[in-house]
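Reading through the C-alpha cells given below for one structure.
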Amino acid sequence: MIQIPSDLHPDLVPLVFLLGDWAGAGVTDFPGAEKANFGQEVSFTHDGRDFLEYHSHTWVLDSEGNKVKPLESESGFWRIGKDRKVEVVMVRDDGVVEVWYGELADKKPQIDIATDAVARTAASGPYSGGKRLYGYVKSDLMWVGEKQTPEVPLRPYMSAQLKKVVSPEDVADMARNLPDMPDDGIAFFK
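Going by full-length UniProt numbering, the final residue of the sequence shown carries number 190, and the count climbs one at a time with no gaps.
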C-alpha cells in the first residue's frame, strides 16, 4: 500500500510510489563490458521541499548471488511539474552528469525519461545519452535503462526488479496497527 507522508510537498504526490528504500537484482549487458548479474540498493527520500533525493548503488554478483565488486553509483534530484513532466539531475561515479526530461504516464505509476544534456569528465568512458523507464508493478519498482555511445547506438544495457525494504520501525508500526485476530489465527481466514 502506498502512503502519502503528511510532510510531502504537494507537487510530489504523483511520484509518491518511488519513496522509500528498495533492493533487488538485475542484469547488465553492453558491448565492450562484461555481461553480469547485479544487486542494487535505491533510496528515494524527501525533506519537504519540491524534489525527491535519489541514491543508487549497484554491484556485480557471482553465480551464488554474493557481492563481487562495485558496479555503478549515482545520485540526483527528481522533480515533477503540474503538467506531469518529470525532470531529473543526476551525477554518476564514473564522471558523468546528466539532465533527464520525461513524463509520468497517464493513470499509472510509470515514468519515461531521456537525457537532454550530458557532461563528462576526461576520465569517464564514452557516453552520449540514454533513456530509462521506471514502473511500479505489483508493489515492486522495476526499471530498464538504455544508453548510447559514439560507437554504439541506443540500446538496453541494464534492468532490475526491486522490492521495498522494510525497516524494524516499519515492522513495529505494522504490529501496533494489526487488527484484532482470533487466538488460533485460523478463524481469521474463514
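Each residue gets a CB set at the ideal place from its N, CA and C atoms; glycine is no exception.
task = Determine the DSSP secondary structure at Asp112, reduced to helix, strand or coil.
result = strand
query = How many Å lie between Leu133 and Leu162 at the Cα?
reply = 14 angstroms
ask   = Hey, is the region 60-77 in contact with the region 1-20, meaning 3+ C-beta pairs nearer than 8 angstroms?
value = no
query = Could you check where the beta strand (DSSP E) with Thr28 kicks off and where it finishes?
reply = Gly20 to Thr28
Secondary structure of Asp140, DSSP reduced to three states = strand
ask   = Going by DSSP, which residues form a beta bridge with Ile80?
value = Val86
ask   = When DSSP builds the beta bridges, which residues end up paired with Asn37?
value = Val27 and Leu61
request  = Given a cut-off of 8 angstroms, decide if Met158 and Thr28 are closer than it, judged by their beta-carbon atoms.
outcome  = yes
inquiry  = Could you check whether Asp112 and Glu103 sit closer than 8 angstroms to each other, using their CB atoms as the reference points?
reply    = yes
request  = Find out if the Cβ-Cβ distance for the pair Pro126, Glu146 is shorter than 8 angstroms.
outcome  = no
request  = Using the Cα positions of Trp100 and Lys85, report the straight-line distance between them to the nearest angstrom.
outcome  = 11 angstroms
task = Would you mind giving the Cβ-Cβ distance between Arg120 and Val96, rounded to the nearest angstrom? I have them listed as a contact below 8 angstroms.
result = 5 angstroms
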